[in-house]
Every structure is written in structure tokens, then in C-alpha cells.
């Protein structure tokens, strides 16, 4: 880090501000490099906060409007946090009640699959919070309606959420401005794809091992996904993709706060 | 090294200052043969991507072409693998697939839902080949058949005597190899994402990438149903651990030691680190964005969950090393 042509950016959002952006362009024009601090899109290592201690999380009030500016990567990942929070809350609610869990999913194999997914979604959310640092999205409030009324209801909601995640990351990828942030989203989206495959299998079968299975195709049946409102291409075998606005519309019915998007890239 | 070099992103105001693609076309922006070809074919997103590359003056279209050609080889490999296993699929014939007969014993063991799965995945891979060929046009090269690959891993489908030959008779071994091909595809597309940075081609690649992840997930569940106690194979379809330990081959029996060794070596590559562990960490990695997430995830599965929650990329050279034994031609 001894090169004086190197500029250290703790928060890439700062690049959007005039002074730093000028520095940024100057650094590039003289052949320097711009270095992000370890956390991919915002770091607090040198600002005093300890990376080992997550910040105290704030929460939105019910009904409080949430505005997310998508003009920066920080905004795009704040929006990703909406979906990760939603999935996190959904699975934590299931596992928060042993009675509900065993009532909906008595099978040990179902529980193992769902437990992994629950852990992954918690990791995704916690990671995004750490990466976003002071820009982390406060806690939203969710209402999953009748999703916990039956196994079928739960899986219907689960596959909606996970396919929304796949389609959101797929749609956002080309608008991400930092190649390292793109890579991080790529690391997450394939895991969402794995989950989507699993949840559609659970929906197809008696349980995760395929006992009582009817088709053997549901895990990646794009025509079926299209009936759930996702943009797929069965002929070209292309998975889901949705625009930011479409993703927000899918998530909104389950969120107590109105989520508003600004500077939506298209 | 705990810093990351940021490569010239397009700032939002720069993008806004650029004319729309339609305006660029109307103004007679330089249009390459590649773009014209792509425009003339079915794949509109790819055509738009190539054009946007030229207008924005980012990576040369040659880079995109090279990435798509690499992706095409991988999709061909997978498509021909499933054609060989199932003994069918678009473009398949006994004449152009010298290994199909050798795989008849394992084919007879694939029934019901597993057969439906492998058939669907086969058709997806065939569709991916068609899409990429369409996008590449004349740059797609000759049509490849089963004769271009040796799934026993000896680069000679005529003799079919490589170390992976047990896949032709042992369903558990075959399914492990199948999972390996799918996860190789997932890591390969992830490794190329940076080369498609800020293009519409990226979106197409991501959509294929997610399909490969669905496939890999499903294969894991088929395997787990055959080995219920093997918890290395996650029902969630995620990758736990790295190297051969992530493949879940511990319960495979009836395969010669030399073949198990070859498979272990392959899985160490498929789930391990690439030549550069910085760019391509092992799947055992628990550090994202420079932060070890093990403690953060302590209440939610700890290190194992962190490993599962993030898939890692592999660089092109790493992928080439994995697939070369199965490709007759020399891959570069």
C-alpha cells in the first residue's frame, strides 16, 4: 500500500461524490490503482469499527417507507438484503417453532434440506450486513400470511422467494459496477439456484429423497416456473430473470414497509 | 494480501451520458461482423451485448467471443456426456457416438425419476449448445459429437479404457462424475463473469449458470437417495467442504482403486482451489469480502454453512485442467 498513486476507498459509494470521483479518475489516469478495503463494497476496518462485532441493527417502524437508491452497488446490495432478510425471516420462523416444523415437515430428510437452506440464508444476510457496514439495511417487518398453514403453502411461498432471489441476482448482474461485487453476487446466486432446485423437488415429492416423486423434472422445470410469474425461456433453457421493479413487486406483499426504488437502472 | 484492485468501473454519470444503443445504431456506430452475425441470429441479448461493448469501448468483442467459445466447449462436453449416458438426444446417433454402446450397462440401471432428470438435463445442455452456437455464428466452429469426447478420461472414445470407465457400469460412480461435471460448469461460468462485466451477455451467462446449479443440486439428491447415511452429499444441493471431501464419494463401492484415485484427484480439482487460490479459492473457503464469516455464522451452522452459502469460481486454466482428459482435442 506504499504506492502514492494508490487510492484507498473504504466505501465505494464515495466514488459517486465529486471530490473522490475526481481523485478516482486522477488515480486511473496516472496509471494508479483503486483499492477497495477487504469487505467488498464497504469496509469499516480503518474507520475504527471492529469487523468482529456486527453493528447494532436498527429496525424500520411498521409502515415506514424504505427508499433504496439503485444508482450504486451499495444500493443494489441493499436491495438484495431485502430478499435475504425475507428468506431469513421465513426460515427462522419455521425453525423457531418446533411444533410447526414437525407438523409441516415430519420427515428428517425434509428438515435437513430446509435447515441447510435456513443456515445459508442467515449467512447471506449476515454477510451483506457486514459488507455494507454503515449502509446495512435496517430490519424490515414481514408477514408471511398463510404460508405456515400447510406443507404445500410453505413450499409454495418458499419456491416463490427463492426463485425471486435467483431472478433478482440474474437481473441485477449487468448493472453492478464493481467486478468484485459482481463476483460476490455470482457466488450467492448459484446457491439460490441450488435451493430453488431443492424446494421444487420437495414440492414434487413426498420428501427430499424423491420418495413418491411424480416427475423427476420439477427441479428445473422452466415452463412451471413461468406459471409462477417468472421470466424464463424453456426453449433456450435459461433460468429466471426479473427487473428490479418486478422483484420489488413480488416481495412487497410480504413486507410491512413500502419499499420504493429510485434511480432504477434499465 | 487483503486488498482488491478495482478495475475501471463505468461511473453512473458516464453511462447516462452515453447514447442509447438504438441511437448508436442510427448514428452509424461501428458495427462488427460479430454483432451483425449475432443480430441475424436468434439470440438478441448476445447481439445487444456485443454492440454495447463496442459503444462503451469496454472489453473488445474478441473477449466475449472467446468466453462464449469456452462456454460452448463446456456445454458440448455436458450435452455429449448425457447423450452418451442416455443413448439419445438431438443429434445423437450410434455412428457419431463411439462410446454409447459401452455405457449400455449403466443406462439400463437408470429408470423412473432419475431417467427423467438426466433426460431433462441433457436437453437443457443441448439447448445451451444451440444458443451459444447461434450467438457465435461462424465463430462457433464445427459441430461436435460424441466422437470428440472420451468420458472414460483417456481422450480416445474408440478404445474407452480410461480411469473413469467404471462410470459405464456403476451407477453411483456415474452419478458422482455427473455431479462433478455440473459443478465444474457452475464454477466455470462464475470464473468468466468478470470477462462479461457490464454486458447483456452477462445476463444470459448468469441464467445458464443458475441452471447448472439447479442440475448439480438435483444430482446430489439422487445420489443421497442411494446413500442415505452419506451426509457429505447435502439434500439442499449445496457444496459443503472442499476438494474430494465435498464430492461425497466415500460410499461408492465396486470400483477399482485406480479409478477411485483418479476420481479423487479430479474432485480435488473440481472442489479445490485453482492455480491462484486468491482468485479461485477452494469450496472450503469461509472468507468473503476479506472477512472470515465463521464466527458471524456461529449460530447458523458455522463454517459448514458458510462453505455452503457461497459457491466459488474457477479460472479458465483450472477448468481446462479438469476437462482435458475427457476431450480428444487439446484444449487451450
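Chains as they are written, first to last, in this note's numbering: chain A, 62 to 327; chain B, 1368 to 1699. The beta carbon of each residue, even a glycine, is placed where N, CA and C say it ideally should be. Quick caveat, the model's predicted, so the values are computed rather than measured.
Looking at the secondary structure, which residues open and close the beta strand (DSSP E) in which residue 321(A) lies?
320-323 is the extent of the beta strand (DSSP E) around residue 321(A).
Short-range partners of chain A found in the region 1557-1574 of chain B, where Cβ spacing is below 8 Å
Of all residues in the region 1557-1574 of chain B, those with a C-beta nearer than 8 Å to a C-beta of chain A are 1557, 1560, 1561, 1564, 1565, 1566, 1567, 1569, 1570, 1571, 1573 and 1574, reading in chain order.
Use the C-beta contact count for residue 1733(B): other C-beta atoms within 10 angstroms, 16 or more gives buried, fewer gives exposed.
In the structure as shown, chain B starts at 1368 and stops at 1699, and residue 1733(B) therefore has no counterpart that could be examined.
Just by C-beta distance, which residues in the region 1580-1595 of chain B are closer than 8 Å to chain A?
1580, 1581, 1582, 1583, 1584, 1585, 1588, 1589, 1591, 1592 and 1595
Residue 1485(B) versus residue 1669(B): straight-line alpha-carbon distance, rounded
Taking the straight line from one Cα to the other gives about 33 Å.
Would you mind working out which of 142(A), 205(A) and 229(A) sits nearest residue 191(A), comparing C-alpha positions?
142(A)
Using 8 Å as the limit for Cβ to Cβ distance, is residue 1697(B) near chain A?
no
Less than 8 Å between CB atoms is the rule here; does residue 298(A) satisfy it with respect to chain C?
Here the protein chains are A and B, and chain C is not one of them.
Does DSSP put residue 300(A) in a helix, a strand or coil?
strand
Using a beta-carbon distance below 8 Å, is residue 280(A) in contact with chain B?
yes
Distance, Cα to Cα, residue 169(A) vs residue 1595(B)?
11 Å
Who does residue 316(A) pair with in a DSSP beta bridge?
203(A)
If I follow the unbroken beta strand (DSSP E) through residue 1510(B), where does it start and stop?
It is not in any beta strand (DSSP E) - residue 1510(B) carries neither H nor E in the DSSP assignment.
As an exercise, report each continuous alpha helix (DSSP H) stretch of at least 4 residues that is fully enclosed by the region 248-292 of chain A, in chain order.
283-288
So is residue 254(A) in contact with chain B if we call contact Cβ pairs under 8 Å?
yes
Mind reading off the beta-carbon distance from residue 1641(B) to residue 1647(B)? Whole number of angstroms is fine, and I expect it under 8 Å.
3 Å
Could you check whether residue 301(A) and residue 227(A) sit closer than 8 Å to each other, using their CB atoms as the reference points?
yes
Do we get a CB-CB distance below 8 Å when we pair residue 1680(B) with the residues of chain A?
Yes, its Cβ sits closer than 8 Å to a Cβ of chain A.
Among 1518(B), 1572(B), 1528(B) and 1625(B), nearest to residue 1547(B) - alpha-carbon criterion:
1518(B)
Assigned secondary structure, residue 1559(B) (DSSP; H/G/I helix, E/B strand, else coil):
helix
Per DSSP, what kind of secondary structure is residue 1523(B) in: helix, strand or coil?
Three-state DSSP puts residue 1523(B) in coil, outside helix and strand.
Measuring only the C-alpha atoms, how far is residue 207(A) from residue 320(A)?
22 Å
In chain A, which residues lie with their C-beta within 8 Å of the C-beta of residue 1608(B)?
Under the 8 Å cutoff, chain A gives no residues; its nearest Cβ is about 13 Å from residue 1608(B).
Of the residues that make up the region 185-202 of chain A, which ones have a beta carbon closer than 7 Å to any beta carbon in chain B?
185, 187, 188, 191 and 192
Less than 8 Å between the C-beta atoms of residue 1538(B) and residue 1476(B), yes or no?
Yes, the Cβ-Cβ distance between residue 1538(B) and residue 1476(B) is below 8 Å.
Count the other C-beta atoms from every protein chain shown that fall within 10 angstroms of the C-beta of residue 1562(B), then say buried if there are 16 or more, exposed otherwise.
buried
Taking residue 1486(B) as part of the alpha helix (DSSP H), name the residues at either end of that continuous run.
1479-1503
Give a yes or no on whether 8 Å exceeds the smallest Cβ distance from residue 325(A) to chain B.
no
Measure from the C-beta of residue 1518(B) to each C-beta in chain A and report whether the shortest distance is under 8 Å.
no
Considering only their Cβ atoms, is the gap separating residue 1683(B) from residue 254(A) smaller than 8 Å?
no
Just to make sure I have the definition right: I need the residues of chain A whose C-beta is within less than 8 Å of the C-beta of residue 1667(B). Which are they?
Listed along the chain, the chain A residues whose CB falls inside 8 Å of the CB of residue 1667(B) are 179, 180, 183, 184 and 187.
Mind checking residue 1624(B): buried by the 16 CB within 10 Å criterion, or exposed?
exposed
Give a yes or no on whether the minimum CB-CB distance between residue 262(A) and chain B is below 8 Å.
yes
Residue 214(A), DSSP secondary structure in three states:
In this structure, residue 214(A) counts as helix in the three-state DSSP scheme.
Residue from 1593(B), 1662(B) and 1544(B) whose Cα sits closest to the Cα of residue 1520(B)
1544(B)
Short Cβ contact (8 Å threshold) for residue 263(A) with residue 216(A):
The criterion of a C-beta distance shorter than 8 Å is satisfied by residue 263(A) and residue 216(A).
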